[in-house]
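In the numbering used here, the protein residues as written are 275 to 599.
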């Protein structure tokens, strides 16, 4: 069996990605070999390609998530069988085949196609970890989602509404704000032009935000902090707008909690987030409570085009590749 994938041997632009034959993949203990039917595009992989993603080493195969069919099972795996439809996070997913850690493979409901399955893992698990495990958002609270037009943001909107929260978001363009409101957001603000704190305080009757999802960083940190309610929780899961943030320590007088997270390194991810996601969210996709927002479906051969869309911030939700190679 020949295996092919988007290989990166040097950091740089899209020209460093090459579709080539890869060494055979044999599932080790606790692993599954999955034939990839569709894979999701993520902002982080453009940083991996460019060499600005912390800890990324060369060479590597592009991709962070996918959906497909199990073709082989490694020793010690239970709960999975050859022929199962699965989806989840797996490095090297922009390929014909990929190895999954069995603990990270989720069953793909029969009424959910591979495109939807590939659009879920990174964005939805990040949002679930941020709002359910770390932020502990509750009914009646006010939630603010930075980058609400992203895959994480569009997932967080659905999760927070399901939790019973009042939900607002920020985006860099008015059309994205309008689309977020059409999708159920109670308010959305263009962070490039709006006085965020003033708008939030007006729209919440002076209360402010109880749970804020922070992903932009330096560019918006001050306005987010100023928008928070007393004893609010800020969940930091990204830094797309600058990694260095300066803030006044007087946030202590407001008893704000700053909660940093990464689903890749959290000790709570597998025992808490994955378990609750498997029990609650996966059935939610099957019954229509949740649905990943897919903006564009492209062939696997169009990876460079997909990266260009991510770099231009022109999409809303997820870009998904389907295997045509």
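All C-beta atoms, glycine included, are put in the ideal place defined by N, C-alpha and C.
Please read all numbers here as calculations on a predicted model, not as lab measurements.
I'd like to know whether the C-beta atoms of residue 491 and residue 509 end up nearer to each other than 8 Å. no
If you draw a straight line from the alpha carbon of residue 522 to that of residue 339, how long is it in whole angstroms? 38 Å
Would you call residue 351 buried or exposed, if buried means 16 or more other Cβ atoms sit within 10 Å of its Cβ? buried
Do residue 347 and residue 306 have their C-beta atoms closer together than 8 Å? yes
Across which residues does DSSP place residue 347 in a beta bridge pair? 306
Beta-carbon separation of residue 525 and residue 416 under 8 Å? no
For residue 489 and residue 511, believed in contact at Cβ under 8 Å, the rounded distance: 6 Å
When burial is assigned at 16 or more other CB atoms within 10 Å of the CB, is residue 368 buried or exposed? Counting Cβ neighbours within 10 Å, residue 368 comes out buried, since at least 16 surround it.
Examine the Cβ distances between the segment 373-387 and the segment 400-410 and report whether three or more of them are shorter than 8 Å. no
When you compare the segment 584-592 with the segment 295-313, are there three or more beta-carbon pairs, one atom per stretch, that lie closer than 8 Å? No contact exists between the segment 584-592 and the segment 295-313.
Three-state secondary structure assigned by DSSP to residue 450: helix
Can you tell me which of the three DSSP states residue 377 falls into? helix
Helix, strand or coil, according to DSSP, for residue 573 in the structure here? strand
Who pairs with residue 534 in a beta bridge, going by DSSP? 510
Alpha-carbon spacing of residue 393 relative to residue 567, whole angstroms: 8 Å
I'd like to know whether the C-beta atoms of residue 469 and residue 442 end up nearer to each other than 8 Å. no
Within 10 angstroms of its Cβ, does residue 275 collect 16 or more other Cβ (buried), or is it exposed? exposed
Would you report the Cα separation of residue 503 and residue 537, rounded to the nearest angstrom? 26 Å
Identify whether residue 464 lies in helix, strand or coil by the three-state DSSP scheme. Residue 464 sits in a strand when the DSSP states are folded into three classes.
Buried or exposed, going by whether 16 or more other CB atoms sit within 10 Å of the CB of residue 327? Residue 327 comes out exposed.
Cutting at 8 Å between CB atoms, please list the residues of its own chain near residue 331, excluding the five before and the five after it. none
Less than 6 Å between C-beta atoms, sequence neighbours within five positions excluded: which residues of the same chain meet that for residue 356? 344
Where do the N-terminal and C-terminal ends of the alpha helix (DSSP H) with residue 322 fall, by residue? 317-324
Grab the span of the alpha helix (DSSP H) containing residue 397 for me, first residue to last. 395-402
Residue burial classification, residue 316 (beta-carbon count within 10 angstroms, cutoff 16): buried
Would the beta-carbon of residue 424 fall within 8 Å of that of residue 396? By the CB criterion at 8 Å, residue 424 and residue 396 fall outside the cutoff.
Which whole-angstrom value describes the C-beta separation of residue 389 and residue 596, a residue pair presumed to lie in contact below a C-beta threshold of 8 Å? The pair is a contact, with the Cβ atoms about 7 Å apart (cut-off 8 Å).
Would residue 476 be called buried (16 or more neighbouring beta carbons within 10 Å of its own) or exposed? exposed
How would you call residue 295, buried or exposed, if buried means at least 16 neighbouring beta carbons within 10 angstroms? exposed
Endpoints, the beta strand (DSSP E) within which residue 592 is located: Segment 592-596, the beta strand (DSSP E) holding residue 592.
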